[in-house]
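A.B. asks:
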Amino acid sequence: MDSQRKSMEKKHGEVVLNIAGEDQTTTNDPNLGSLEEPTPHKPHCPSPEISTNSSPSARKPPKPPQSESLLRRRSIPTSALGRPNSRFVERTVPSQLGADPVSVSSTPRAPREGEEEDDDEEEIFSKEHLHEHPARRRRFKLRTLLEWAILVLSVSCLVASLVVDRLQGYAIWGLEIWKWCLMVAVTCCGHLFTRWLINLLVFMIERNFLLKKKVLYFVYGLKKSVQVFLWLTLVLLSWLLIFNRGVSRSERARDVLGYVSRLLISMLIGSVIWLVKTLLVKMLASTFHMNKYFDRIQVSIFHQYLLQTLSGPPLMELAEKVGAARSSGQLSFTAKGKGTGKDKEVIDIAKLHKMKQGKVSAWTMKGLINVIGTSGLSTLSNTIDETFQETGEHKEITNELDAKIAAYRIFKNVAKPGCKYIDAEDLLRFLSKEEVEYVVPLFEGALETGKIKKSALRNCVVKAYLDRKALAHSLNDTKTAVKQLHRLATAIVVVAILIITLILLGIATTQVLVFISSQFLLVAFMFGNTCKMAFEAIIFVFVMHPFDVGDRCVVDGIQMTVEEMNILTTVFLKFDNEKIYYPNSVLSTKPISNFYRSPDMSDAVEFSVHLSTSGETIGALKERIKRYLESKPNHWHPNHSVVVKGIVNVNKLDMALYVNHTMNFQNVGEKNSRRSELVLELKKIFEDLSIQYRLLPQEVRFSYTGSGSLPVAISNRSIQDD
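For the record, in the sequence shown the residue sitting at position 288 is 288 according to the UniProt record's numbering, with numbers rising by one throughout.
#1: Whole beta strand (DSSP E) runs in the UniProt domain "Mechanosensitive ion channel MscS" (539–595) with 3 or more residues, listed along the chain?
#2: With DSSP as the reference, identify every bridge partner of Lys420, one or two as the case may be.
#3: For a test of the three-state rule: what should DSSP assign to Gly33, helix, strand or coil?
#4: Below 8 Å, can you find three or more Cβ-Cβ pairs linking the stretch 679–689 to the stretch 616–628?
#5: Check whether the stretch 588–608 and the stretch 647–666 are in contact - that is, three or more C-beta pairs closer than 8 Å.
#6: Only counting the same chain, and skipping five residues up and downstream in sequence, which positions put a Cβ closer than 6 Å to that of Ala446?
#7: Can you give me the start and stop residues for the alpha helix (DSSP H) that Val461 sits inside?
#8: Tell me the DSSP secondary structure of Tyr658 in three-state form.
#9: Terminal residues of the continuous beta strand (DSSP E) containing Ile625?
#10: Could you have a look at Gly312 and say whether DSSP puts it in helix, strand or coil?
#11: Taking the CB atoms as reference points, tell me whether Phe572 and Thr589 lie closer together than 8 Å.
#12: Do Ile273 and Ile497 come within 8 Å of each other at the CB atom, strictly closer than that value?
#13: Taking Ser676 as part of the alpha helix (DSSP H), name the residues at either end of that continuous run.
#14: Between the stretch 450–470 and the stretch 403–417, can you find at least three pairs of beta-carbon atoms closer than 8 Å?
#15: Just to confirm before moving on: does the CB-CB distance between Ser261 and Trp239 stay below 8 Å?
#16: For Asp477 and Ile538, I'd like the C-alpha separation in whole angstroms.
#17: Answer yes or no: do Thr287 and Val235 have a C-beta to C-beta separation smaller than 8 Å?
#18: Can you confirm whether the stretch 285–305 touches the stretch 506–519 when touching is taken to mean that 3 or more C-beta pairs between the two stretches lie within less than 8 Å?
#19: Identify whether Asp603 lies in helix, strand or coil by the three-state DSSP scheme.
#20: Work out the CA separation of Leu401 and Thr309 for me, nearest whole Å.
#21: Can you grab the Cα-Cα spacing for the pair Leu653 / Lys671, in whole Å?
#22: Could you give the distance in angstroms between the alpha-carbon of Ser676 and the alpha-carbon of Gly669?
#23: For Cys419, is the classification buried or exposed, using 16 other Cβ atoms within 10 angstroms of its Cβ as the cut-off for buried?
#24: At which residues does the beta strand (DSSP E) containing Ser703 begin and terminate?
#25: Would you check if there are 3 or more beta carbon pairs closer than 8 Å linking the stretch 632–648 to the stretch 566–581?
#26: How would you label Phe702, buried or exposed, when you count the other beta carbons within 10 angstroms and need 16 or more for buried?
#27: DSSP beta-bridge partners for Lys652?
#28: Can you tell me whether DSSP reads Ser598 as helix, strand or coil?
#29: Tell me whether Ser432 sits in a helix, a strand or coil according to DSSP, three-state version.
#30: Do Thr617 and Leu689 have their C-beta atoms within less than 8 Å of each other?
#31: Assuming contact is defined by CB atoms lying nearer than 8 Å, are Met565 and Val586 in contact in what I supplied?
Below is the structure:
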């Protein structure tokens, strides 16, 4: 086990998820070995197109498809590599080039005894930094060594100036040596002092549990700004109290010292403005993420917990046999960050599920966003992914094919041998009763029948993967937009600090101010419209925010999918994968229809019947339509209406069937499939009831304009017709 653990730690780019369940001592019980029944090995494949060439062992699931046709299609033409790709258009075969392997492990669940649900209910996220970036560590180490060296030299000189007789009265430019040493120490080593002070402040906040949840996010975000502010405050105080006090100097020297004093004051004011700017941006980002994405993050993490739990061993069943208490699960992520740094994050699923949006702190929200952004949807289990460990393939779900394979293996892991569905009894082997009550409605048709079919499980896993991918893209684009907004605010703050510095230094005379004003007028004339568009775009992205990445929208009558969101532009993808770029300032003036945020939507099917169709036949038509809709409760709501729109040309009735889907039109393919089935069923009903449409009989008259007599054949036929 140690060697396996070491090999897992050496892999790069890995995401390790652990389910915490029963007490770890239960896994060491010698009786557990007898509880695990080896599953009989049967060759099976998830679909007719996927086959396995190797026979699995009695305890291992089948290996992923390695058919010759799929392997042949994995080779990508060189010309295709240079083309721009879409986030939501996948290749036929998942691209595993350069994918890093995924390590998997499972740990028992943590006991629930003694849990407190009052003040610590929000503490659902904990984070432990495992490794630091080596380049950053070397940079900080070099700067720290330099600061320590200067501090030691300054203190040594300070002690020598106070102890050595020859140095006690020695002065440089009218100042004793100890004052110079103190000034150098404060100026060059001020970062060291303020860093100690900030670390002490953070430690005190972390010790205060109630205070930590609310302000720790802002403390870490403002750490550098506060540190610079404190350092400049120390430098200014030492300058005013030591250099600029109690020493007689020439007028020119006093002017120079006055300039330095005003420069330090302007720098201190600039640090305060910078601190306020950083605080406002942090507050905006935190509030925006909390209001727009918390619900989706909550659902996505629960889906990952569900996939992970169902793909592992039946912990609930094992816990009952060994006498352990049931508990809610936890997710443990080891997510790859920048460089080689790793962060270990643990999420308590029960507390996350109970948490309300208004009670989420910025610190917790930041942790949840990092989890979504740094780890993908996966089924990490020793039982299912053992074959992937041997082949070294990346098991993270990266496309719909991986999601379907994962659903197939989860079905084999949960369902009884030879059974074609999963029932509540099977789920109780893996989940608690409360979790089962929440999970069953997620699967299509399971709420009515109490059984989960393989197709319903497959559709649920694919939907979870697509939602997770769209959410990750949305968070990444939002993070980019916040960074762009931060840069824009930084530019404005730099200009403001520069103007304040010029005013305090006395450089900004009337002529200088007039010159600067004229330049600002010129810039406003040239870039005024651009600034107006940028401001409107910021309001559109952070205030209006009518869609997220992956949403299906209608703009200017065109149905498109949101591909990418930036602070100035939004990229849409049409049905033929054509990319359309819209300025956000233009979108802010247009009505936008969002299918993803819409409730269950309605649809209509129009048709015509002959005027002679009897009322009994129309009544039978309505009854057949009603029975069909009630037989498809997963597709249609029972409330519908069949209306007669009008009589046309006294020979046909224009009618329409209005129905309500059990979904919105975000998944337009599923919507079209359901509508097609409904139209085909209407056709079948028309045929069974002999409902048809006929044209009115029309009178046809013939006239003969020839000079001769009427042909005999035509004449005889006319006589017979009369």
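By construction, the Cβ of each residue, glycine as well, lies at the ideal position given by its N, Cα and C atoms. None of these values were measured; they are calculated from a predicted model.
C.D. replies: This is what the structure holds:
#1: The DSSP assignment places complete beta strand (DSSP E) segments of no fewer than 3 residues inside the UniProt domain "Mechanosensitive ion channel MscS" (539–595) at 552–555, 558–565, 569–573, 579–583 and 592–594, in order along the chain.
#2: Within the DSSP bridge table, the entry for Lys420 names no partner.
#3: Because Gly33 sits at a pLDDT of 37, beneath the cut-off of 50, its placement in the model cannot be relied upon, and the following sentence gives the value as read from the coordinates. Gly33 carries a helical assignment under DSSP once its states are collapsed to helix, strand and coil.
#4: Flag = yes, the stretch 679–689 and the stretch 616–628 touch.
#5: The stretch 588–608 is in contact with the stretch 647–666.
#6: Within the same chain, Cβ atoms closer than 6 Å to the Cβ of Ala446 are found at Val440 and Ile452, the five residues on either side in sequence being excluded.
#7: Counting along the chain, the alpha helix (DSSP H) containing Val461 begins and ends at Lys454 to Leu505.
#8: Of the three classes helix, strand and coil, the one that applies to Tyr658 here is strand, per DSSP.
#9: Where Ile625 is concerned, there is no enclosing beta strand (DSSP E), although the alpha helix (DSSP H) it sits in stretches over Gly615 to Ser631.
#10: Coil at Gly312, not helix or strand.
#11: Contact: no.
#12: Less than 8 Å divides the Cβ of Ile497 from the Cβ of Ile273.
#13: Per DSSP, the unbroken alpha helix (DSSP H) holding Ser676 starts and ends at Val668 to Asp688.
#14: Result yes; three or more Cβ-Cβ pairs closer than 8 Å.
#15: Result yes, Cβ atoms of Ser261 and Trp239 sit closer than 8 Å.
#16: Cα to Cα, the separation comes out at about 14 Å.
#17: No. Outside cutoff.
#18: Pairwise C-beta distances place the stretch 506–519 out of contact with the stretch 285–305, as fewer than three of them are shorter than 8 Å.
#19: DSSP, read as helix, strand or coil, puts Asp603 in strand.
#20: Taking the straight line from one Cα to the other gives about 20 Å.
#21: Rounded to whole angstroms, Leu653 to Lys671 spans 27 Å at the Cα level.
#22: Approximately 11 Å between the Cα atoms of the pair.
#23: By the 16-neighbour rule on beta-carbons within 10 angstroms, Cys419 is exposed.
#24: Judged by DSSP secondary structure, Ser703 falls outside any beta strand (DSSP E); it is assigned neither H nor E.
#25: Judged by Cβ distances under 8 Å, the stretch 632–648 makes no contact with the stretch 566–581, as fewer than three pairs qualify.
#26: Exposed: under 16 other Cβ atoms inside 10 Å.
#27: Its beta-bridge partners are His610 and Val648.
#28: In the displayed model, Ser598 falls within coil according to three-state DSSP, outside both helix and strand.
#29: Three-state DSSP puts Ser432 in coil, outside helix and strand.
#30: Closer than 8 Å, so yes.
#31: Contact: no.
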